[in-house]
Amino acid sequence: MERKRLYAIVIAIIVVGAAASVAAAFLLGAPPPPVPVHVYTVIGDSEWFDLPAGGTTEVSATVLDNGAPMFGISVGISVTPSTEGTLSASSAATNPLGIARVEYTAFNRTVNTSLVFVFTATIEGSQRSGSVEVRQLGIGFQPTTARARGLVLKESDRLAIANATVQVNLRNMTGLPPGTPSFFSNNSDEQGLYEVTGVPPREAFIQVVKAGFKSERQNVTLVAGKNTRTDFLLEQLAGKVLTVWHTYSGKEEDEFLKMADRYRATRPDLNVVVEFQAFAGAPEKFIVAATAGNAPDVMRFQNDRLGEVASLGFLEPLDSRLDPPTIQRYQAQALAAMRIEGSIYALPATQDLLAVVYNRALFRAAGEPEPLDGWTTDDLIRIAGNLTAPGQWGFVTPQTNGYYWFPWLVGFGGEIFTVPDTQPIDGDSDVGLNTPEAARSVLFMHSLEKVHGLMFANPGEDPMLTEFLSGRAAMITTGPWNIPAVERAEIDYGIAPYPIVSDTGERARPVLGVKGFGIWKLSSVKDDAFDFIRFITSPEEQKKFSLGVGGAPGTNDIPTAQAALSDAEIQANPVIARYLLQAQYSSEFPSRPAMASVWGPVTDALAFIYQDVDPTSPTAETDARAILTQEEQEIYG
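Here my numbering runs 94 ahead of the position in the sequence shown, where the first position is 1.
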């Protein structure tokens, strides 16, 4: 079986060495030698994304130093949840190719679950981790394999072109678990052949992308037991080429391609090559490409990763190109999310955040009124308690996921960082984990399960959604991206903002995530790249995109342009309207470079507190703060 790279989680750290030699040179009056800079990466890889129950997959990790494999580095590999199968070894030393491998065997399951393989390597005395996700399919979701094979041909001589990227959009997603991606992307082998695997019946369109070439999109049907061979003619492009990496999938990708086509119609002098990258690993892949000097001209980023990439010097500041009309077209908070240490590095395209989604039918059956905009956490506990019954949960939210904890942190008076994004953290108290507010907010969140019994044990995102779609959860916390699944399940639903925390009088505020498009610092077509991102983030294009993906099976993307948000057709979408209400009660999603280092320690802290701290214990707050303090030190390194 051809291996398929699915996710690449790259932990980029800058290690500055030779401090002693620099000091000695200074004392001797000689100019200091150049300080070596190393970008270390830990890349995770898995053979399957959809792992059948009872199936086996190989997982591996590669440690790179400035893109080159490092040998003799011990990489520990673990999997969560650990009860879903067995690893052949808990850790393995890298082989002569710099790769650590282990084999994982899944247990039989009746429901689908998400497995996360975590790779840990010690580099320069400091532990760094990467991960890759594998979805284990339950018995009801076991796939039948179908393959399509194609030969990439060059129009001039009809010879195979090796190492082209093949993009496949798989259709007919009905019946697949939530979160199953609609794209697979593979590199062709030395003979220019590619292979994709899907779950039939699947219709697909396939397009081949290679720098300087283009191909038409072809439709294919994947049929079990049948190999479909498709030949592609690649036409060599003449003139300037603008390469764009996006992370859209499904209907979003369809609308983005239409948007790119509309731009092409305005620029016949420019060849716009659009390539898909998996959302989970796109920033890391961009860092690797930029380090090697071959990054795309334009890239889509979420703001919590934007600062990390900008701090490495890989993105072009846009301030000199932003005239007042361009600045004024965007929501102030959306544009602020693209600002890193005083400079704008991307133009905002869409925004999203969490809110409380509830089942109206279950509320009616219990005689409970729907949540009001000014409700409190006391109201939440009371209402959810009345909605909790055998086989039914009143309120479900993930217990060990930082993204779902941040709203409670803010509601209890805490914050992720205690200094502005323009000020670097100094290692003392600039991260807001080691605070009474942080400890109290974690204990409150865990008490919803452990004290009040409103949800099942330690729910994750997918199990939470599954319970809601099956009608067994009255309230959950989720974003507009899951509303199409709710509508397909024919749930009569409502959307409410997070409640006011009764103990503080402050509203719980989810972080506002903003996705936008930035430009590679070394792009040779920066003017064209800015012209492109200004076009696709214009109010007119944002409106077309939002209406194009809105409603089932869309994703209800919320625009960032003022004129699009005030448009009557956009405001007529009740989902966008309710999430815009929540956006009024949102908090800033930090864009600073240090945000990339927060996720791991926060996840560990929440997991350790969940496991080891009883929320009713007299020492609960002290115990929780001790764990938070320890994990905060990991952020400072």
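All C-beta atoms, glycine included, are put in the ideal place defined by N, C-alpha and C.
S535 sits in a helix when the DSSP states are folded into three classes. Where W502 is concerned, the enclosing alpha helix (DSSP H) starts and stops at G496 to G505.
Annotation for E561: the continuous alpha helix (DSSP H) segment containing it runs E555 to L563.
Of the residues assessed, S168 falls on the exposed side of the cut-off, its CB having fewer than 16 other CB atoms within 10 angstroms. Rounded to the nearest angstrom, the gap between the Cα atoms of Y439 and V367 is 22 angstroms. In this structure, the beta-carbon distance from L606 to F550 does not fall below 8 angstroms.
In this structure, DSSP gives H540 a helical state, which the three-state scheme calls helix. Leaving aside the five residues that flank I577 on each side, the residues in its chain whose CB is nearer than 7 angstroms to its CB run, in chain order, N650 and V669. In this structure, the beta-carbon distance from R454 to I589 does not fall below 8 angstroms. In the DSSP assignment, the residues bridged to A567 are W487.
Sixteen is the threshold: when 16 or more other Cβ atoms of the shown chains lie within 10 Å of the Cβ of R686, as they do, the residue is buried. In the DSSP annotation of this structure, the continuous segment of the alpha helix (DSSP H) that includes K637 starts and ends at P633 to V643.
Secondary structure of L616 (DSSP, three-state): coil. Straight across, the Cα-Cα distance linking I721 with T216 is about 22 angstroms. By the criterion of at least three beta-carbon pairs nearer than 8 angstroms, the region 654-665 is not in contact with the region 554-572. Under the DSSP definition of a beta bridge, A655 partners with Y424. In the three-state reduction of the DSSP assignment, P442 falls in the strand class. Nearest in C-alpha terms to R534, of all of K352, A688, Y704 and K637, is Y704. In this structure, DSSP gives I475 a helical state, which the three-state scheme calls helix. Out of F624, I613 and E462, the CA that lies nearest to the CA of D417 is found in F624. Closest by C-alpha distance to N397, out of P492, P390 and A431, is A431.
Judged by their CB atoms, Q724 and L447 are not nearer to each other than the 8 angstroms cut-off. F350: member of the alpha helix (DSSP H) spanning G344 to T360, first to last residue.
A Cβ-Cβ contact shorter than 8 angstroms links N480 with A460. Taking a contact to require three or more Cβ pairs closer than 8 angstroms, the region 336-349 and the region 378-396 qualify as touching.
At least 8 angstroms separates the beta-carbon of V608 from that of A602. With a cutoff of 8 angstroms on beta-carbon distance, V490 and P553 are scored as near each other.
With at least 16 other beta carbons inside 10 angstroms of its own, R719 counts as buried.
For N528, the secondary structure class from DSSP, reduced to helix, strand or coil, is coil. Across the set E402, T151 and W469, the C-alpha of E402 shows the shortest separation from the C-alpha of A688. Residue state for L158 is assigned as strand, using DSSP reduced to three classes. Where A386 is concerned, the enclosing alpha helix (DSSP H) starts and stops at A376 to A386. Y673: member of the alpha helix (DSSP H) spanning P668 to Q678, first to last residue. DSSP, read as helix, strand or coil, puts E600 in coil.
In the DSSP assignment, R454 falls outside any beta strand (DSSP E) and within the unbroken alpha helix (DSSP H) covering R454 to A460. Boundaries of the beta strand (DSSP E) harbouring Q396: V392 to Q396, taken from the DSSP string.
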